[in-house]
Amino acid sequence: MMGTAMATETAERGDASGDRALDLDFAAGVEGSLEGLYRSASALVYTLALRSLGDASEAEDVTQQTFVAAWRGRDGYDPTRGSARGWVVGIAKRRIADALAARARESRRLEAVKDEPVVAVADPLEREAERIMVRGEVESLGPPRSTIVSLAFFEGRTHEQIAEHLRMPLGTVKSHLRRSLMALRQGLEAADASL
Amino acid sequence: MRHCDDETLAAIALGEPAESRDAAHVSECATCAAEVASLRETVAAVSGASGTTLVRPPERVWEAISAEVEAHEGREAGFAGAAGEAGGHAGDGATVLTLDRRGRGSAPGSRRGSSRLFHPWVVAVAAASGIVLGAIGVGVLGPWTEPAATVVAQAELADLATEAAAGEARVERRADGTQVLVVETPYTATDAGALEVWLIDPDVVGMVSLGFLTGERGEFEIPAGYDVDAFPIVDISIEPPDGDPTHSGDSITRGILG
Numbered sequence: 001m002m003g004t005a006m007a008t009e010t011a012e013r014g015d016a017s018g019d020r021a022l023d024l025d026f027a028a029g030v031e032g033s034l035e036g037l038y039r040s041a042s043a044l045v046y047t048l049a050l051r052s053l054g055d056a057s058e059a060e061d062v063t064q065q066t067f068v069a070a071w072r073g074r075d076g077y078d079p080t081r082g083s084a085r086g087w088v089v090g091i092a093k094r095r096i097a098d099a100l101a102a103r104a105r106e107s108r109r110l111e112a113v114k115d116e117p118v119v120a121v122a123d124p125l126e127r128e129a130e131r132i133m134v135r136g137e138v139e140s141l142g143p144p145r146s147t148i149v150s151l152a153f154f155e156g157r158t159h160e161q162i163a164e165h166l167r168m169p170l171g172t173v174k175s176h177l178r179r180s181l182m183a184l185r186q187g188l189e190a191a192d193a194s195l
Numbered sequence: 001m002r003h004c005d006d007e008t009l010a011a012i013a014l015g016e017p018a019e020s021r022d023a024a025h026v027s028e029c030a031t032c033a034a035e036v037a038s039l040r041e042t043v044a045a046v047s048g049a050s051g052t053t054l055v056r057p058p059e060r061v062w063e064a065i066s067a068e069v070e071a072h073e074g075r076e077a078g079f080a081g082a083a084g085e086a087g088g089h090a091g092d093g094a095t096v097l098t099l100d101r102r103g104r105g106s107a108p109g110s111r112r113g114s115s116r117l118f119h120p121w122v123v124a125v126a127a128a129s130g131i132v133l134g135a136i137g138v139g140v141l142g143p144w145t146e147p148a149a150t151v152v153a154q155a156e157l158a159d160l161a162t163e164a165a166a167g168e169a170r171v172e173r174r175a176d177g178t179q180v181l182v183v184e185t186p187y188t189a190t191d192a193g194a195l196e197v198w199l200i201d202p203d204v205v206g207m208v209s210l211g212f213l214t215g216e217r218g219e220f221e222i223p224a225g226y227d228v229d230a231f232p233i234v235d236i237s238i239e240p241p242d243g244d245p246t247h248s249g250d251s252i253t254r255g256i257l258g
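Chains as they are written, first to last, in full-length UniProt numbering: chain A, 1 to 195; chain B, 1 to 258.
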């Protein structure tokens, strides 16, 4: 058991190497990798759909469609280009766009010529999508880094407060934050690359 | 010219005071300055996400996905792939969020032949990466596992300082219903102190000591009333022999049971 534990990290821990293993497994269609990807990206996809569509049941539908489509279309995923998480979010965005477009068509039919340009909603949605992606990447850092980053960036705690709260040496907190920053940049780039 | 290392650049981007040598280098070196600027963008992006929280979908969504995928597995040979789904895009909503820059589409015949065959190595890879165990939640993990025990949760342990893999912990439910934390890790006690095993809550506030680890493998009965869902963090600390029963704050490894 030590051997396997030393050899790989679980996808659920969500660090860079775990994500990488998941990307490769998913591309190869390895049994269980869809669930791994779902555990890693479903909150992202669902939150994005929920915020965009404002309806929980529609958001559930989009989430379901997205992961089913991702699994069936996994041959089109190229792990050398970016993360599976980013790729699946790309599929979700297209699904959400379709749902919004269908709504817009429907409302045009109902309300005749109330022709608000669709682009009007694009910007706030896109920014929120970015924030949701960032949250997803932070979560995927896994503890203790996800906790440290949340405390530092989302709750505005000082390094000293975090060190005390987590009973960690100050230097360790700082080191985690630096490495987290590098990992976050890499993760966000990998997600962008595969959108 | 020697560039600053990545951690130094990250520290500068985070606003930590830099040594004058590093600060001077970054002010002169376009490469390092660009790195800092790019890392600062990440800092800004992360800071900007504070108002957002992620919402998990209800478990029925996964069940529906799982059922839908399984329903199609048998007809895979005739399945035309997701070319239509992922490559194309319909509707004027495309202007909102379309991000499809990939020319996609694969003929059915191009699907990798191995994708659905469970060659032993595929299973081995999946098992090694924890995915199969994670998916089924129950596994018999080897000859040392008592036959009647089932694994209800497990965690990979990582060294807190280096992040290197450092063994694993798992929770087994015995036939009599008791839960046992089994820890396997290469750490050994040193002069600095004994190794104490803890379960800690997600806020790292509540914790319970399970006892001292005295070999590469230890088994600790989890006291009744403690639930690994509520205390999912396995923590091993170095405890100096000072008689103080509280956590020393000197953790060497942690893992999250899941």
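Positions of the beta carbon are idealized from the N, C-alpha and C atoms, including for glycine.
The beta carbon of Gly82 of chain A is closer than 6 Å to those of Ala190, Ala193 and Ser194 in its chain, skipping five residues each way along the sequence. Beta-carbon to beta-carbon, Gln186 of chain A and Val61 of chain B are separated by about 29 Å, too far to satisfy the 8 Å threshold. In chain A, no part has a C-beta under 7 Å from the C-beta of Ala23 of chain B; the shortest such distance is about 16 Å. Beta-carbon to beta-carbon, Trp71 of chain A and Leu34 of chain A are separated by about 5 Å, close enough to satisfy the 8 Å threshold. At a cut-off of 9 Å between beta carbons, Leu53 of chain A makes no contact with chain B. Burial check for Asp242 of chain B: the Cβ neighbour count within 10 Å stays below 16, so the residue is exposed. Per DSSP, the unbroken alpha helix (DSSP H) holding Gly187 of chain A starts and ends at Leu170 to Ala193. For the region 40-57 of chain B, the residues whose beta carbon sits under 9 Å from a beta carbon of chain A are, in order, Glu41, Thr42, Val43, Ala45, Val46, Ser47, Gly48, Ala49, Ser50, Gly51, Thr52, Thr53, Leu54, Val55, Arg56 and Pro57. Listed by position along chain B, the residues whose Cβ is nearer than 8 Å to that of Leu166 of chain A are Val204. For Ile233 of chain B, the secondary structure class from DSSP, reduced to helix, strand or coil, is strand. For Ser209 of chain B, the secondary structure class from DSSP, reduced to helix, strand or coil, is strand.
Excluding its 5 nearest sequence neighbours in each direction, Ser180 of chain A has C-beta neighbours in its own chain below 6 Å: Leu141, Arg145 and Val149, listed in chain order.
The C-alpha of Leu257 of chain B is placed about 21 Å away from the C-alpha of Val55 of chain B. Counting only the Cα atoms, His159 of chain A lies some 26 Å from Ser27 of chain B.
At a cut-off of 9 Å between C-beta atoms, Arg135 of chain A counts as an interface residue with respect to chain B.
Out of A:Pro169, A:Arg95, A:Leu22 and A:Val138, the CA that lies nearest to the CA of Leu188 of chain A is found in A:Val138. Secondary structure within the region 81-159 of chain A: the alpha helix (DSSP H) runs of 4 or more consecutive residues, fully enclosed, are 84-111, 122-140 and 145-149 (chain order).
Straight across, the Cα-Cα distance linking Arg217 of chain B with Ala166 of chain B is about 12 Å. Annotated as proximal: Ala56 of chain A and Leu50 of chain A, with beta-carbon spacing under 9 Å. The Cβ atoms of Glu239 of chain B and Ala194 of chain B sit closer than 9 Å to each other. For the 9 Å CB-CB criterion, Asp191 of chain B and Ile233 of chain B do not form a contact. Per the C-alpha coordinates, the member of B:Val204, B:Thr178, B:Leu160 and B:Gln179 positioned closest to Thr172 of chain A is B:Leu160. Residue contact check for Ala149 of chain B against chain A: no CB pair falls below 9 Å. Counting along the chain, the unbroken alpha helix (DSSP H) around Val62 of chain A starts and ends at Ala56 to Arg72. Taking a beta-carbon distance threshold of 9 Å, Glu160 of chain A does not count as an interface residue toward chain B.
Within chain B, the residues placing a beta-carbon under 8 Å from that of Ser42 of chain A are Arg56, Pro57, Val61 and Trp62, ordered along the chain. At a C-beta separation below 9 Å, Val69 of chain B has these neighbours in chain A: Leu34, Phe67, Val68, Trp71 and Arg72.
Contact of Gly142 of chain A with chain B by beta-carbon distance below 8 Å involves Ile256. Nearest CB-CB separation between Ile222 of chain B and chain A: not below the 9 Å threshold. If you look at Glu73 of chain B, you'll find it in the alpha helix (DSSP H) that goes Glu59 to Glu73. Rounded to whole angstroms, the gap between the alpha carbons of Val228 of chain B and Leu199 of chain B is 8 Å. A Cβ of chain B is located within less than 9 Å of the beta carbon of Thr47 of chain A.
By the CB criterion at 9 Å, Met168 of chain A and Ser209 of chain B fall outside the cutoff. When the five nearest sequence neighbours on each side are left out, the beta carbons in the same chain lying within less than 8 Å of the beta carbon of Phe231 of chain B are those of Leu199, Ile200, Asp201, Gly206, Met207 and Val208, in order along the chain. Taking every protein chain shown into account, the CB of Gly54 of chain A has fewer than 16 other CB atoms within 10 angstroms, so this residue is exposed.
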